[in-house]
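**Student:**
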Amino acid sequence: MLKSLVLGLVIALTAYALKSYVENFKFVKPSGETANVLEGVTIRSYGKEGVEWIIKGARLEVMGKDVKLTDAELYSKDASLKAEVAYIDRSTGKGELEGDVMLLYERATIKSQKVYMDLKEGSFESDKPVEMVEDNSKIEGKGFRLNLRPLQVIINRARTKIE
Numbered sequence: 262m263l264k265s266l267v268l269g270l271v272i273a274l275t276a277y278a279l280k281s282y283v284e285n286f287k288f289v290k291p292s293g294e295t296a297n298v299l300e301g302v303t304i305r306s307y308g309k310e311g312v313e314w315i316i317k318g319a320r321l322e323v324m325g326k327d328v329k330l331t332d333a334e335l336y337s338k339d340a341s342l343k344a345e346v347a348y349i350d351r352s353t354g355k356g357e358l359e360g361d362v363m364l365l366y367e368r369a370t371i372k373s374q375k376v377y378m379d380l381k382e383g384s385f386e387s388d389k390p391v392e393m394v395e396d397n398s399k400i401e402g403k404g405f406r407l408n409l410r411p412l413q414v415i416i417n418r419a420r421t422k423i424e
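Offset between the sequence shown (1-based) and my numbering: plus 261.
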């Protein structure tokens, strides 16, 4: 009886610890009351290898360690991004871009509706429909992954149209 009680307690504590561990890696959109609101902002963010991002927006809402940026523009020496709304965790540099997201790098443009980003790693990914235009070719697919250093683009279920 005592062994089964101890075993049940160990299983419950392990399940709680694993649940907390998994939830620690999830990005949660900020909810709750807005602490501060700023208009016309510019922020600098540094990546893992010193990649500097300049983040601009029309409106910035700060909620704890999370920020919501409206009409967001993100620039680095390798790429630039534009989105209607950006949610960024200030401590990790991870977040989401939503609404007509456009990513420009070198000679290519990638468009999607929702993109997950990690500014410190310089990586972006989406599972939504994507369109990439490069020179005179157009590639459509369902989802992509882009790493800036080294430059690598993977488009899932890609279809190419040459114009």
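Note that CB positions come from ideal geometry on N, CA and C, so glycine has one too.
Rounded to the nearest angstrom, what separates Leu-365 and Asp-350 at their Cα positions?
**Tutor:** So the two alpha carbons sit approximately 22 Å from each other.
**Student:** Does DSSP put Thr-421 in a helix, a strand or coil?
**Tutor:** Strand.
**Student:** Taking 6 Å as the limit between beta carbons, can you name the residues of its chain near Asp-379, skipping five residues before and five after?
**Tutor:** Answer for Asp-379: Lys-355, listed in chain order.
**Student:** Give the straight-line distance between the Cα atoms of Val-323 and Gly-269, rounded to the nearest whole angstrom.
**Tutor:** The alpha-carbon atoms of Val-323 and Gly-269 are separated by roughly 42 Å.
**Student:** For a quick check, are the C-beta atoms of Asp-361 and Ala-333 less than 8 Å apart?
**Tutor:** No, Cβ-Cβ distance for Asp-361 and Ala-333 is not below 8 Å.
**Student:** Classify Val-271 as buried or exposed, calling it buried when 16 or more other Cβ atoms lie within 10 Å of its own Cβ.
**Tutor:** With fewer than 16 Cβ atoms within 10 Å of its Cβ, Val-271 is classed as exposed.
**Student:** Where does the unbroken beta strand (DSSP E) through Ser-352 begin, and where does it stop?
**Tutor:** Counting along the chain, Ser-352 falls outside any beta strand (DSSP E), and DSSP gives it neither H nor E.
**Student:** According to DSSP, what are the bridge partners of Gln-374?
**Tutor:** DSSP lists no partner for Gln-374.
**Student:** Expressed to the nearest angstrom, what Euclidean distance is found between the alpha-carbon atoms of Lys-399 and Val-391?
**Tutor:** Distance between the alpha carbons of Lys-399 and Val-391 is about 11 Å.
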